[in-house]
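For reference, the structure discussed in these notes is given below.
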Amino acid sequence: MSNTIIAIIIGFLVAPLVGGLISGLDRIITARLQGRIGPPVWQAFYDVIKLMSKESMVVNVWQAFCAYAYVSAAAIAVVLFFLKSDLLLILFIQAVGAVFLVVGALSSTSPYSQVGAHRELLQILAYEPLIILVIAGIYLETGSFKISAIYDWNQPLIFKLPFLFVALGYALTIKLRKSPFDLSTSHHGHQELVKGVLTDYSGPYLALIEIGHWYDVVLLLGFCSLFWATGAVGMLALLALTYFAEILIDNVTARMTWRWMLGYVWAMGFTLCSVNLIWVILG
Amino acid sequence: MFKMTPTILKNFLTEKATRLYPFEIREPYAHVRGELVNNSETCNFCGICAAKCPSQCIKVDKKSATWECEPFECVYCGICVDACPQESLSQKELYRKPSAERQHIIIKGEIRPEKPDAPVA
Amino acid sequence: MAEIIFLLIVVPFIAALGCLLFRIQFIRASIIIICAGLLMGGSLFLIPMIPFAYSPGSFFGVNIHEILQGADFLLLLIIFYFGIKHKNLVIQALSIFQAVMLGYLEFFLSDGGGHDVVFYCDHLSLILVLIICIIGSIICLQAIPYMKNHEAHLKIAVSRQPGFFFVMLLFLGGMNGVVLANDMKFLYFFFEVTTLCSFLLIGHDKTERATRNAVRALWMNSIGGAAFVSGLVYLYVKLGMLDMQNIIHTTPQAGIIVLPMALLCFASFTKSAQFPFQSWLLGAMVAPTPVSALLHSSTMVKVGVYLVLRIAPAIQGMFLSQCITVFGAFTFLAGAALAVGQSNGKKVLAYSTISNLGLIFACAGVNTSEAITAAIILIIFHAVSKALLFLCVGTIEQHIESRNIEDMRGLYTRMPLTALITVMGVITMIMPPFGLLLGKWMAMEAAARSFFGIIMIAMGSALTVMYWARWAGILMSDPFAGKFKLERQPVLTWFALISLSLGAASLSVVSPWIYKLGIIPAMGKDYLSSYALDFGILENSFGVFAVLPLSLVAVFGFLIAVLAVKGATRSRIVMPYLSGVQTSEPRVFRGPMNQNVIAEAGNYYLSSIFGETRLTAWINIGAVILLTLVIGGAL
Amino acid sequence: MKKMLGKIIASTRMKSPWILHFDCGSCNGCDIEVLACLTPVYDIERFGMVNVGNPMHADILLVTGTVNHRNKKVLTNLYDQMPAPKVVIAIGACGLSGGIFRDAYNVVGGVDRVIPVDVYVPGCPAKPEAIIDGAVLALKKFEVLRQQKLAV
Amino acid sequence: MLENVVSVSPDTLAGEIAKTKYEGFRFVTMTCVELDADTAEVIYHFDRDFTLKNFRLKAAKNADIPSISHIFMAAFLAENEIQDMFHLKFKGLIIDFNRTLYFDDNAQTAPLCRYTVSQIKSPEPESIQNSGDV
Amino acid sequence: MQEAIQKTVQRTTIPFGPQHPVLPEPVHLKITVEDEIIKEVVPALGFVHRGLEKLIDIRDFHQMIQVVERVCGICSMIHAMCYVHGIEELMKIEVPPRAKYLRVIWSELHRIHSHLLWLGLFADSFGFESVFMQFWRIREKILNIDEATTGNRIIVSVNVVGGVRKDLSQDQMRWILDELDQIEQMTTQLESTLFEDYTVKKRTIGKGLLPSRQAVELGIVGPTLRASGVAQDMRQLGYAAFKELDFEPVTENNCDCWARCRVRYREVLQSIDLIRQAISKIPAGEINVKVKGRPQGEVITRVEQPRGELLYYIKANGSKNLDRLRIRTPTFANIPALFTMLPGMWLSDVPVIVLSIDPCISCTER
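Protein chains in written order, with this note's numbering: chain A, 2 to 284; chain B, 195 to 315; chain C, 76 to 710; chain D, 32 to 183; chain E, 920 to 1053; chain F, 127 to 492.
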């Protein structure tokens, strides 16, 4: 029981802090890659606290509902992850957040957030099947959807599921809103959709969404960590490498269009998944 | 797909291009056209600067010996400095500092006896 | 026993006749309400009785089997008549074929019947009966105000409602017959009754389009009927009996029953409008919305999956079963893909129904304990949620005179409660901890070992999210300050909408106990119960779904979000971002030539990818190939 | 407690001012200097400043250029869409007064003819250094606004 | 100085321009100069191999000028601009902004006319007091 | 109830600008899209219109130099140069040769700075932030040169009627050459990214096609025209000292955004080369001549701006103030191209295609 409570606390409170820190590091490393100095490490927290203290301003009060629903779903998903629950269930709960983000964006009549919402849906369309297949692959290998069982598996999954890890990388890039997939909204506001789904959120509600994004980052890195669950050092190294690769890809690619994204991610992702799944089923 | 990688990795590993501006201020280049100043000692209020100024931000009243300038209208072209026969006008090498209020510069000099050979615009 | 069967099957027939005879609105409404009450009560009374088998010898002194024979041929005659009336050769040919096969079965093979148990009710039947009686009744109640409006709108002088409700109630009886029948000849009769009811209801409006679609539904379902009766003949020839329970549980040799089972599956596919027979269900959307809700989403199309679930234990481990998985998963994906390309609300619902039925078929094909559980859960919750959504669309349609999703933009400001209930319905379709998602979760975990199955289910699931989320989103798409006026609706409409939405939500919370009390017995001795139930958490060896805790968290989160909305009503309302050229009207910006332009926003229907005309042909080809695989695998 | 919270908020506000840049009829000279602030050599992200490009997210409105009859309304629209507390920085001679164009027929004048301006950054065009100075001055304005709010 | 100047009248304009297009000239731009209270002069500039060819059209201000935008699509912007600035009217303009290319309702019309008085449609709104004096 | 008419393709109307982060300049495009495919584009101008052609009434022809410099801050020097060429032609002033060379140097520096700026913004328009940062980093070197040699980073104010205001010393020229070497090295480093990178090629190749015949018919000018394979560069007219320098107009035949990017990239290198030539050939002597009298008559001058052909029509009547000043900027000529390039493209291509003509709305509207 005490373990459960600790896990809930970690998931609920520590995860966003870690997520915020990762965003801060992300911004610094991006700046360094561009020859700049970049913001302080704690910048993400400054931003969120500032947004929290701003005037509450909405286009449609329904946005408030959606922002809260998004952040709660993201938080619950992370808490469940720390409770070592069912992977597929966690994915579905995470999807609730994604859907509420879309619904919230659709509730504004601005074409920017409307188009952003539809692109976000297309992104969900691109990454969700991949994550499901990755989870299915993990199940085929370990015989369980439960994280507790997966963490107890005797060897790093990445040796058996390398292609699925790459496929998860696509999902990660889309979900972290990194170039070339920062279609629905982008971290820097130089996009044809201004801020896409986030266009009409402001102040505290934007802060909530940012916190929800931190939870998402932690959750996705958690998914990656499953691939090297045998040792803390290996896991951290894998996560650091993966995240650095994400930042690198963000900085060496142009933003693409959703048509390309659907085609590319489905073609590449499904091929990679199929190859790996067949390998696991036969092997 | 990763053609940019060498460049950004080089950026990552070498020194940053950033000037730490408010903390380290770079030495300005010579003859940079910055803030316009008028030396009330040497100004003879001839009004050439006012006549030449493309932005027409300078007003000179010869009779009362006032030289007025709207610094927020000045475009820092330096025409007045070039034209000033007394070399009374000059430009600092730094820009005028931002301010929270509107500014208006009035320089009052002594009313001098008019010289017969003073250039008039 | 007999009373219950009488109540469930015969009373609706009598009430139906009553509707036809008494042409006064008030009396008709009373009859419907009383019948609905009786059905709901009767279905609840059924709960403590099961399982039971019952074989009435006679009905008011006449041998029940003779009645059946007579009714069977009468039915086929009626169908043949409609075939002639609408000059449709396929219907004529199929009805003659069925009559010949039936005649062969009745007069040459069998000796008049009476050896098999006629009615058998176990938990699976019970679940279906509950769905039919409760949801069906609610829909019939909602139909009373709906049809009144409907006829007022169409400006029909002589009311056609008696005929309408006659068929509706008749259908309820027929449906109960299907799920309760054990003797497959009875099953076949009720199966055909539902076909005929569906035909009559689709063509109810008597427009050219309605007639055309009704005829299409009839001939497609007749194919199913023909397959069904062929299966019966084959079974009888090989086994000499038509007792469902017997056939399933005392399978002599697997090889013998594969073909008839495949034929029954084929019949199921047509009934459940799986590809390539989806077009009749889409055409059926011309019918008044209660019809779509009752027949074409929550009950009749469930007959197909019910049948396959019934025979699932018999085909466990067969190649046929695997084929059904792939076929079902394919339908799930294809239906979802086509739904993405639709802007017509009812068509989206229709494709979504097809898609979900496909998922249930896939589960039945996977045929493990988890999969069957998933299938039953999906049947229950799909019936509730989909009926709710159909009724919502019907209500909205009568209000805004369009069933196009685009026209529902910002419906919240016009019909706040209906819009909220619709959003609620959508949320129960796609989000945890609601039942459908629970079912989908189980389905995915069960299907994870089927390579093609999981890939198609994964893609279909993402597509499903896409078309639902955008619909829910645009209902709220209008700036408003939080104050609204409740729209006016008839009491029965509110009753139907609110009871269904509350039902969808609250049933989900108790789904672990539904599982324990209803589904485990329904799976019977053929499957081991898989999930352990602990604190409302469903857990098995490889997965866990914390239904009750998550529901509590969801309720808590909902309360917080509602409070947030209350808080947000105090914030400053601004115009949406329109690049700085917005005007005081929320959707209008000042465009070129100093003119005000409406910033329209359209959903993405991706017609270049998911367009109906573009995809249907390919999907049909794929489905035909897979169907050939199903039947060919059986041979 | 409340005081401490206020201090935290004040300090984060100083550390994360998001800017919205609106080119209100400038000759592009000041515009590109504003953009240059974002680039490696000046890198105002050091102070947490990012160009968010959306009034709903912004704290500081950077206006370059003269106000004319057509974009006057746009400017007020954008200003209205910003959540409080907000400050406005007018940049360049045109933004301050209309600059060299102030006598032209379609020019209304400086930004302060339409919306209240908190900081004036002179220059034609204003140098990035001056813009950074202006932003620093604007941050002080946030503190003033907070004090005012407390006083009320 | 201006070379290759051909004078045209509103009647011969379209023919000349079409001929010029046929000869392979590129449309450069149009310039309008106000001559006096009643007449303005529109100069059409064309270019071929770095040589300019100019057509001068003297037009009465109150009469419509035939548009050449159906011959050279690119001319529509210049014609719209002249409509705005000189209050002339081009007939047959393919995309007609109707004198709203540059100006809002409350702005001055025909500002580049010296001889005819330009009017202001609505009075200037009161300017907001500066609040930057904290 | 009748079956609602099936509308599977829905229109979305997007107000693009005047405030838009990708298009920093205030131009408004009303874009109608269906499933993100553009169906219709209608522009609205006038957000930057100041009416500076009218300022001739209250500023004399000398002061107008500073005014026309501020038509556009990015290519200010070239505007002023075009204007003073016109005045000099009217007043029949022969500019000293050194001044001509200095004008070439500064105008080419401006071209490099404008093109580098554009290359950065262009990369930003398809979301390639690090390329944007890199180009703007390079561009700072040019601004340093400007600041050190003329006293201002962007609006250099070096032109006067009869010559230039500032001179370059030998040391400065050597320093400029050093800096140019670095700029060249840093720019060529990015060549493979801009033209061979898969993602960039996906976003630029085949976007905004403008076949050469259509381009000429629409009167397109500058790099946009040259990217359609037409070798037309106003510098071939030989104004300033260009007739003594050796260069060929840069052309590309792809007719799309990729080609436009390529033309501008190669022009950066070309301009670096031109500056080197100018510095090696620059004669000693005066940098300006005294001007007396007032202009009279009509003149058209054309120079090549970074964005294309710039045309000044000046009509003077012998008084202090000019009679009519007409500025036809390259963007004004290039805007009609958008009408043919945008429809049929995707919404995400809007910034790429709009930027590909290097729009300078401030120029267009004056």
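Just so it is clear, CB atoms sit at the ideal spot from N, CA and C, and this is done for glycine as well.
The beta carbon of residue 412 of chain C is closer than 7 Å to those of 538, 685, 690 in its chain, skipping five residues each way along the sequence. In the three-state reduction of the DSSP assignment, residue 196 of chain A falls in the coil class.
Per the DSSP secondary-structure output, residue 448 of chain F pairs in a beta bridge with F/442.
Approximately 6 Å separates the beta-carbon atoms of residue 506 of chain C and residue 512 of chain C; this is inside 8 Å, confirming the contact. Annotated three-state conformation of residue 256 of chain C is strand, per DSSP. Residue contact check for residue 232 of chain F against chain D: no CB pair falls below 9 Å.
Assignment of residue 160 of chain F by DSSP, reduced to helix, strand and coil, places it in the strand class. The contact set of residue 362 of chain F on chain E, defined by CB atoms closer than 7 Å, consists of 969 in chain order. In this structure, DSSP gives residue 177 of chain A a state outside helix and strand, which the three-state scheme calls coil. The Cβ-Cβ distance between residue 288 of chain F and residue 210 of chain F falls below 9 Å. Taking a 10 Å sphere around the C-beta of residue 925 of chain E, we find fewer than 16 other C-beta atoms and assign the residue as exposed.
The C-beta distance from residue 156 of chain D to residue 61 of chain D rounds to 4 Å, short enough to meet the 8 Å contact threshold. Every alpha helix (DSSP H) of 4 residues or more that sits fully in the region 346-417 of chain F is shown, in chain order, as 348-352, 383-407. The beta carbons of residue 213 of chain C and residue 571 of chain C sit about 5 Å from each other, so the pair counts as a contact at 8 Å.
For residue 88 of chain C, the three-state secondary structure derived from DSSP is helix.
Using a Cβ-Cβ cut-off of 9 Å, residue 669 of chain C counts as an interface residue toward chain E, since at least one Cβ of chain E sits closer than that to its own. Between the region 189-201 of chain C and the region 245-263 of chain C, the count of C-beta pairs closer than 8 Å reaches three or more; the two stretches touch.
By the Cβ test, the region 341-351 of chain F is in contact with the region 431-447 of chain F, since at least three Cβ pairs between them sit closer than 8 Å. By the C-beta density criterion, residue 276 of chain C is buried, having at least 16 other C-beta atoms within 10 angstroms.
Contact between the region 582-589 of chain C and the region 609-627 of chain C is present: three or more C-beta pairs spanning the two stretches fall below 8 Å. The beta carbon of residue 597 of chain C sits closer than 8 Å to those of 197, 198, 199, 201, 202, 451, all from its chain and outside the five residues before and after it, given in chain order. The region 444-459 of chain F and the region 392-401 of chain F do not touch, with fewer than 3 CB-CB distances between them shorter than 8 Å.
Residue 258 of chain B sits in coil when the DSSP states are folded into three classes, being neither helix nor strand.
Residue ranges of uninterrupted alpha helix (DSSP H) with 4 or more members, entirely inside the region 225-278 of chain C and ordered along the chain, are 236-255, 259-277. Per DSSP, reduced to three states, the secondary structure at residue 218 of chain B is coil, with no helix or strand assignment.
For residue 205 of chain A, the enclosing alpha helix (DSSP H) starts and ends at 204-226. For residue 324 of chain C, the three-state secondary structure derived from DSSP is helix. Three or more Cβ pairs closer than 8 Å define a contact, and the region 1012-1032 of chain E meets that threshold against the region 995-1004 of chain E. Among the residues of chain D, those whose CB is under 7 Å from the CB of residue 657 of chain C are 108, following chain order.
Per DSSP, reduced to three states, the secondary structure at residue 170 of chain F is strand. Among the CB atoms of chain C, none fall inside 9 Å of the CB of residue 137 of chain D. When the beta-carbon positions are compared, residue 342 of chain C and residue 379 of chain C come within less than 9 Å of each other.
Along the region 83-113 of chain D, going in chain order, the ones with a CB nearer than 7 Å to a CB of chain E are 100, 101. Residue 985 of chain E sits in a strand when the DSSP states are folded into three classes. Contact between residue 121 of chain D and residue 94 of chain D holds: CB atoms are separated by about 5 Å, below the 8 Å threshold. The C-beta of residue 78 of chain D comes no closer than 9 Å to any C-beta of chain C.
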